[in-house]
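A.B. asks: Below is one structure. I have some questions about it.
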Amino acid sequence: MTDATHCQAGDWVEVERVLLEPADRSTNLPPETAEKPLRMWIKGFAQAAGALGDAMTIETMTGRLVEGALSAINPGYFHTFGNPIPELAHVGVDLRARLADYHASEADAGTPAAGSAPKGGA
Amino acid sequence: MATRFDAIMARRGEIMLNALGMDYSVFEQSPIAFDYEGMMAAHGYSLDDIVAIQTRAGVGNTPLLELRNLTDVVRSMSAPGKGARIFVKDEAANMAGAFKDRRASVSIHVAKEKGYEGVIAATSGNYGAAVSSQAARYGLKCIIVQETFDSRHIGQPEIVEKSRICEAFGAEVIQLTVGPELFFHMVELLDQTGYFAASLYSSFGVSGIETLGLEIAKEMTALTGAPPTHCVITHAGGGNTTGTARGLKRAGAGDTQIISASVDLSGLHMASDNDFNRKSFTTGHTGFGVPFATWPDRADVPRNAARSLRYIDRYLTVTQGEVFYITEAMSKIEGLERGPAGNTAMTAAVSLARDLPRDNTVVVQETEYTGAGKHHWAQLNFAREMGVEVRRGDPKDNAPGKVIVIPERPEQIQAKDFDVARMRTSYVRNALKNAPDGYAPTAADIVFLAADTNSDAAAVEAIIAALKEA
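Protein chains in written order, with this note's numbering: chain A, 3 to 124; chain B, 4 to 473.
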């Protein structure tokens, strides 16, 4: 059966593999990158049942067969907007107040502001 | 023994020749010069043809909006008589959410015409979404190779979102850890699949952006009676600047000042596993902008069609905090919620418009889609998680990777001029460095270098003489 740690053939899964070991990497890298392997994750349909960490072949969306270690089953997306940013909370309030002041001063001076509403006709 | 990396890279020329659908060698003129306009015209499509391809593909004809409230904010802090009108081309209205649809549409059309079974692009940006979307429409298979994660398998929310959208359009997405070897894997995949290389930097892609300049010239003329006095362009690899400027010129708007703008990421290394998740921007930054402008031929094609120094009049940089402030402001006073990277040029435009006469017109030529992950709040929350300080203050104290300073007042938004003369010198130095040892530039090379840096022969000769002395 399919659960968080086991997949069946045909399930949508992700596999992981090392594409380049540190020794095989480009020579023009900063040390903190050069000492790590270049890793790859790719999704597709499992070709057999397996458990997380098992060697697995998948068929990708283009029909390629790719081997790797099973790293996720039915992997989802969990990125968000997150909490409001307190340091940005003032921006809208300040700018709306500034616009109101500016429009009032322009009206006093008799010069129409770019944002002022067009005057309605009769 | 040669590594797998070396073995593939040694065969790169032959693999790319098959994958690009075009032989670049016919344009080479010397170890320095090549026929740029010949290369740009070689696909045989007129601008009208490209408009037709894009109309059929559902790309372009995006709304041009006047930003009256933003203009008034600028005027509220300008000297009397100053404060240019600001407009934006809402490119987020394209099918995959960015101007990159224009770039992808021509490449994918060519791939289909030439009978390729699929396309491959190496990109962590909006271009991946654009290629995936167009490939879906044309019934082509699609592989997107992305630099997604650091070595701990943590990705910027913006890039993770781009993985999602590519997969939503049916692409196979290959997610990699940090490093320039994503191009190696792309070449390996091209060899394995025989697919078309939908390079960001081909003449197909860059020609596709020319319609953006064309639309801006036409729509501004209809709206204000003339093309814009200034066009501000978010600048990364240089294609956006190059294509838009070429389109404006082709539409007769040769007097429009071309202003490129990037987020200042100085101090961060683009291939560093430590810095990768501390950038808070995935594109539109100086980490791409400066190296690509000063040496365009570092891309995945033999000759890069994106040659921004040919067109740049000014290059402005803005800080991360300034861009996040303007992104928030755009939502709150213009009702336009868009992605932060696309607002880089908007931020520079606010600073620029302040010093220009009121009758000048400034067009910001793109927006990009926003959503979970691809949003300024998501980026700032993530920055905090990565140990970057976020605070209000003077944007002069912004330090990429360490502290993001959100301005307290719009007056504090001050774009900085990046020295274009210095970029021209770097470009000439790089051109000489990439020629064989001892090669002496000919008179024809000088003419090419002058065109490629938007300067003249005397200026190029002076740069070469100064470089020799140094």
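In this text, a Cβ means the ideal position worked out from N, Cα and C, and glycines have one as well.
Fair warning: this is a prediction, and the values are worked out from it, not measured in the lab.
Does the Cβ of SER269/B have 16 or more other Cβ atoms within 10 Å, making it buried, or fewer, making it exposed?
C.D. replies: Residue numbering aside, residue 269/B sits at position 266 when the second sequence is read from its first letter. With fewer than 16 Cβ atoms within 10 Å of its Cβ, SER269/B is classed as exposed.
A.B. asks: By the criterion of Cβ-Cβ separation under 8 Å, what are the contact partners of GLY345/B in chain A?
C.D. replies: Taking the second sequence and counting its residues from 1, the one referred to as residue 345/B is at position 342. Result: empty, since nearest Cβ-Cβ is about 17 Å, beyond 8 Å.
A.B. asks: If I measure Cβ to Cβ from ALA469/B and keep anything under 6 Å in the same chain, skipping five residues before and after, which residues do I get?
C.D. replies: As a working mapping, residue 469/B is identified with position 466 in the second sequence. Cβ neighbours of ALA469/B beyond the five flanking positions: none.
A.B. asks: Determine which residues share a DSSP beta bridge with GLY121/B and list them.
C.D. replies: One-based indexing of the second sequence puts residue 121/B at position 118. LYS144/B, per the DSSP bridge assignment.
A.B. asks: Would you decide whether SER263/B is buried or exposed? Buried here means 16 or more other CB atoms lie within 10 Å of its CB.
C.D. replies: Counting from 1 along the second sequence, the entry for residue 263/B is found at position 260. By the neighbour-count rule (16 or more Cβ atoms within 10 Å), SER263/B is buried.
A.B. asks: Do you know offhand how far GLU120/B's Cα is from SER110/B's?
C.D. replies: For this step, residue 120/B is matched to residue 117 along the second sequence. For this step, residue 110/B is matched to residue 107 along the second sequence. Rounded to whole angstroms, GLU120/B to SER110/B spans 13 Å at the Cα level.
A.B. asks: Tell me whether TYR442/B sits in a helix, a strand or coil according to DSSP, three-state version.
C.D. replies: Indexing the second sequence from 1 puts residue 442/B at position 439. Residue state, collapsed to three classes: coil.
A.B. asks: Do ARG341/B and GLU371/B have their beta-carbon atoms positioned less than 9 Å apart in this structure?
C.D. replies: Working through the second sequence from its first residue, we reach residue 371/B at position 368. Working through the second sequence from its first residue, we reach residue 341/B at position 338. Yes; because the gap between Cβ atoms is below 9 Å, this pair is in contact.
A.B. asks: Between the C-alpha atoms of PRO410/B and ARG357/B, what's the straight-line distance to the nearest angstrom?
C.D. replies: As a working note, residue 410/B is residue 407 in the second sequence. As a working note, residue 357/B is residue 354 in the second sequence. For PRO410/B and ARG357/B, the distance between alpha carbons rounds to 17 Å.
A.B. asks: Quick one: does VAL17/A have its CB under 9 Å from some CB of chain B?
C.D. replies: Here the question's residue 17/A lines up with position 15 in the first sequence. It does not: the Cβ of VAL17/A has no partner Cβ on chain B nearer than 9 Å.
A.B. asks: Our contact map puts VAL483/B next to VAL367/B with C-beta atoms below 8 Å; I'd like the distance itself, whole angstroms only.
C.D. replies: This structure cannot speak to residue 483/B, because chain B is shown only from 4 to 473.
A.B. asks: Could you check the C-alpha separation between PRO444/B and SER202/B for me, to the nearest Å?
C.D. replies: What you label residue 444/B is simply residue 441 of the second sequence in a count that begins at 1. What you label residue 202/B is simply residue 199 of the second sequence in a count that begins at 1. Looking at the two C-alpha atoms, the distance is approximately 30 Å.
A.B. asks: Check each residue of the segment 67 to 84 of chain A: if its Cβ is closer than 8 Å to any Cβ of chain B, include it; give the result in chain order.
C.D. replies: Listed in sequence order: TYR79, HIS81, THR82, PHE83, GLY84.
A.B. asks: Relative to the alpha-carbon of ASN277/B, which residue among LEU22/A, LEU31/A, VAL17/A, SER73/A has its alpha-carbon at the smallest distance?
C.D. replies: Taking the second sequence and counting its residues from 1, one reaches residue 277/B at position 274. Checked all of LEU22/A, LEU31/A, VAL17/A, SER73/A; the closest Cα to ASN277/B is LEU31/A.
A.B. asks: Less than 9 Å between the beta carbons of ALA116/A and GLU69/B, yes or no?
C.D. replies: For the purposes of this step, residue 116/A is taken as the residue at position 114 of the first sequence. For the purposes of this step, residue 69/B is taken as the residue at position 66 of the second sequence. Yes.
A.B. asks: Using DSSP's beta-bridge definition, name the partner residues of GLU61/A.
C.D. replies: For the purposes of this step, residue 61/A is taken as the residue at position 59 of the first sequence. Partner(s): PHE47/A, LEU67/A.
A.B. asks: At 3 residues or longer, what runs of the beta strand (DSSP E) sit wholly inside the segment 366 to 403 of chain B?
C.D. replies: The qualifying runs are 392 to 396.
A.B. asks: I need the DSSP call for VAL408/B, collapsed to helix, strand or coil.
C.D. replies: Locating residue 408/B in the second sequence gives position 405, where the first residue counts as 1. If DSSP states are grouped into helix, strand and coil, VAL408/B belongs with the strands.
A.B. asks: Using the three-state DSSP reduction, which class does SER458/B fall into: helix, strand or coil?
C.D. replies: On the second sequence, residue 458/B is found 455 positions in, with the first residue counted as 1. Residue state, collapsed to three classes: coil.
A.B. asks: With a threshold of 16 other CB atoms inside 10 Å of the CB of VAL95/A, please say whether the residue is buried or exposed.
C.D. replies: Start at 1 with the first residue of the first sequence, and residue 95/A comes out as number 93. Label assigned to VAL95/A: exposed.
A.B. asks: If ALA107/B and PHE186/B are in contact, beta carbons under 8 Å, what's the gap, nearest whole angstrom?
C.D. replies: What you label residue 107/B is simply residue 104 of the second sequence in a count that begins at 1. What you label residue 186/B is simply residue 183 of the second sequence in a count that begins at 1. ALA107/B to PHE186/B, Cβ: 18 Å. No contact.
A.B. asks: Within 9 Å (strictly less), CB to CB, does THR7/A reach chain B?
C.D. replies: Looking up residue 7/A in the first sequence gives position 5. By this cut-off, THR7/A is not an interface position.
A.B. asks: State yes or no: is the beta carbon of LEU40/A nearer than 9 Å to at least one beta carbon in chain B?
C.D. replies: As a first step, residue 40/A must be located in the first sequence, where it is residue number 38. Chain B, which has a Cβ nearer than 9 Å to the Cβ of LEU40/A, makes this yes.
A.B. asks: Check each residue of the segment 328 to 339 of chain B: if its Cβ is closer than 7 Å to any Cβ of chain A, include it; give the result in chain order.
C.D. replies: If the cut-off is 7 Å between Cβ atoms, the segment 328 to 339 of chain B has TYR328, GLU331, ALA332, LYS335, ILE336 near chain A.
A.B. asks: Count the CB pairs spanning the segment 79 to 99 of chain A and the segment 324 to 337 of chain B that are closer than 8 Å, and state whether there are at least three.
C.D. replies: Taking 8 Å as the limit for Cβ pairs, the verdict is that the segment 324 to 337 of chain B does touch the segment 79 to 99 of chain A.
A.B. asks: Entirely within the segment 149 to 187 of chain B and at least 3 residues each: give me those beta strand (DSSP E) ranges in chain order.
C.D. replies: If we require 3 residues or more, the beta strand (DSSP E) runs fully inside the segment 149 to 187 of chain B come out as 175 to 180.
A.B. asks: When you compare the CB of GLY94/A with every CB in chain B, is at least one pair closer than 9 Å?
C.D. replies: On the first sequence, position 92 is the one that residue 94/A refers to. Yes, because at least one Cβ of chain B sits closer than 9 Å to the Cβ of GLY94/A.
A.B. asks: Check whether the Cβ of THR4/A lies closer than 9 Å to any Cβ atom in chain B.
C.D. replies: Residue numbering aside, residue 4/A sits at position 2 when the first sequence is read from its first letter. By this cut-off, THR4/A is not an interface position.
A.B. asks: Nearest to GLY61/B by alpha carbon, out of ILE89/B, MET98/B, GLU31/B?
C.D. replies: Here residue 61/B refers to the residue found at position 58 when the second sequence is read from its first residue. GLY61/B has its Cα closest to that of MET98/B, out of ILE89/B, MET98/B, GLU31/B.
A.B. asks: So, ASP316/B versus GLN260/B, is the Cβ gap smaller than 9 Å?
C.D. replies: For the purposes of this step, residue 316/B is identified with residue 313 of the second sequence, where counting begins at 1. For the purposes of this step, residue 260/B is identified with residue 257 of the second sequence, where counting begins at 1. The answer is yes: Cβ separation under 9 Å.
A.B. asks: Check the C-beta distance from ALA308/B over to VAL209/B and give it rounded, since I have them as a contact under 8 Å.
C.D. replies: Looking up residue 308/B in the second sequence gives position 305. Looking up residue 209/B in the second sequence gives position 206. Indeed they touch by this definition, with Cβ atoms about 4 Å apart.
A.B. asks: For HIS156/B, count neighbouring C-beta atoms within 10 Å of its own C-beta (all shown protein chains included) and say buried if the count is 16 or more, exposed if not.
C.D. replies: Taking the first residue of the second sequence as position 1, residue 156/B is located at position 153. That one is exposed.
A.B. asks: Does MET4/B pass the burial test, meaning 16 or more other C-beta atoms within 10 Å, or should it be called exposed?
C.D. replies: If you number the second sequence from 1, residue 4/B lands on position 1. Here the model assigns MET4/B a pLDDT of 46, short of 50, so the residue's position is not dependable and the matter cannot be decided.
A.B. asks: Can you list, in chain order, the residues of its chain whose CB lies under 8 Å from that of MET12/B, leaving out five sequence neighbours each side?
C.D. replies: Residue 12/B sits at position 9 when you count from the first residue of the second sequence. Excluding positions up to five away in sequence, the list reads PHE187, VAL190.
A.B. asks: If ARG425/B and LEU312/B are in contact, beta carbons under 8 Å, what's the gap, nearest whole angstrom?
C.D. replies: Your numbering for residue 425/B matches position 422 in the second sequence. Your numbering for residue 312/B matches position 309 in the second sequence. About 11 Å; that fails the 8 Å criterion.
A.B. asks: Using a cut-off of 7 Å between C-beta atoms, extract the partners of SER33/B located in chain A.
C.D. replies: Here residue 33/B refers to the residue found at position 30 of the second sequence. Ordered by position in chain A, no residue passes the 7 Å Cβ test against SER33/B, which lies about 27 Å from the chain.
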